[in-house]
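A short write-up of the structure that comes next.
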Amino acid sequence: MERVETCVRYIREKTGFEPHTALVLGSGLGGFADNVKIEAVVEYGEIEGFPVSTVSGHKGRFVLGYVGKEPVAVMQGRVHYYEGYPMRDVVLPIRVMARLGARRLILTNAAGGIHPDFAAGALMLLTDHISSFIPSPLLGPNEEAFGLRFPDMSEVYSRRLRTVAEEEAGKLGIPLKQGVYLQTTGPNYETPAEIRMFRTLGADAVGMSTACEAMTARHLGLEVCGISCITNLAAGISKAPLSHEEVKATADRVAEDFQALLRAMISRMTEL
């Protein structure tokens, strides 16, 4: 809690802006921040004790402002467990945004498609996740100010926010798949045998983020929505070698639709 409050105090010294919705932008999706009517920008590296993004395509800053009439805190780039940060550092930004005032969290990511009906460029609304392959972000002493020792995870991804996403995607004519996301530690891509196992377990897409952030948000009592951009087909499904360049290229290709959906969803948040 002390570390979170230190980060919050620094941001508060720069701006008194209070977000209601928090948004995490995944690989290749940072351009959405251009949609924000900016009130303040805070670089991660300026905040004492705050983890800094080291991955290409993640700028590493908070953008605070408005999307429509909705006050938002946008993470233009996240940090990942595979970068060498302990899990408590990976999820620190979620706790900071909650303490700044956020009540809802929209998580985006670039993911590998496992479901046979998925193609590169599809968008998938998360209905659930599998986090068994990463350490829980809630390990260690429980901070009662954050949430319960044993938080319920029956509905990590809010049905209400999923309905908003479906309705807005329908209005825009954007196809929106639904499925279960599985998080691994990374940074390596998975083997074909691992992908077969994940499919057997019920996963529709796989990535290296998001589930830990969603669990942290639910511990904090935030309402959560998650959307994956299927940037490539997973190992054994794709015949080509996997690369981060392919991930970024596909995210760039579908960025217009993805950003339009996010704008429409966030504009609805003022009604909730």
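Taking UniProt numbering, the leading residue of the sequence shown gets 1, the next gets one more, and so forth. The beta-carbon is built from N, C-alpha and C at its ideal position, and this holds for glycine as well.
The shortest C-alpha to C-alpha distance from residue 59 to any of 25, 270, 147 and 126 is the one to 25.
Beta-bridge pairing by DSSP links residue 223 to 104.
For the options 223, 117 and 199, the alpha carbon positioned closest to that of residue 154 is the one of 223. Rounded to whole angstroms, the Cβ separation of residue 97 and residue 22 is 4 Å, and the two are in contact under 8 Å. In the structure shown, residue 242 falls within a coil segment according to DSSP collapsed to helix, strand and coil.
Residue burial annotation: residue 34 is exposed, with fewer than 16 other C-beta atoms found within 10 angstroms of its C-beta. Here residue 149 carries a coil assignment [DSSP, helix/strand/coil].
In the displayed model, residue 32 falls within a helix according to three-state DSSP. Secondary structure note for residue 89: its alpha helix (DSSP H) is the uninterrupted segment 87–90. For residue 74, the three-state secondary structure derived from DSSP is strand. Straight through space, the alpha carbons of residue 74 and residue 37 are spaced by roughly 11 Å. Secondary structure at residue 200: helix, using DSSP grouped into helix, strand and coil. The alpha-carbon separation between residue 172 and residue 261 amounts to approximately 7 Å. Using a 10 angstroms sphere on the CB of residue 215, the tally of other CB atoms reaches 16 or more, which defines it as buried. Here residue 190 is buried: its Cβ has 16 or more other Cβ atoms, across all protein chains shown, within 10 Å. Straight through space, the alpha carbons of residue 3 and residue 132 are spaced by roughly 27 Å. For residue 37, the uninterrupted beta strand (DSSP E) run begins and ends at 37–43, by DSSP.
Out of 263, 265, 271 and 206, the CA that lies nearest to the CA of residue 110 is found in 206. If you draw a straight line from the Cα of residue 63 to the Cα of residue 196, it comes to about 39 Å.
Residue 53 and residue 84 have their C-alpha atoms spaced approximately 11 Å apart. Straight across, the Cα-Cα distance linking residue 16 with residue 239 is about 51 Å.
A direct Cα-to-Cα measurement between residue 233 and residue 257 gives close to 20 Å. For residue 266, the CB contacts under 8 Å within the same chain, skipping 5 residues up- and downstream, are 21, 23, 67, 68, 70, 72 and 106 in chain order. In the displayed model, residue 169 falls within a helix according to three-state DSSP.
Assignment of beta-bridge partners to residue 229 by DSSP yields 110 and 123.
In this structure residue 228 touches residue 126 by the C-beta definition: roughly 7 Å separates them, less than 8 Å. As a beta-bridge residue in DSSP terms, residue 128 pairs with 180.
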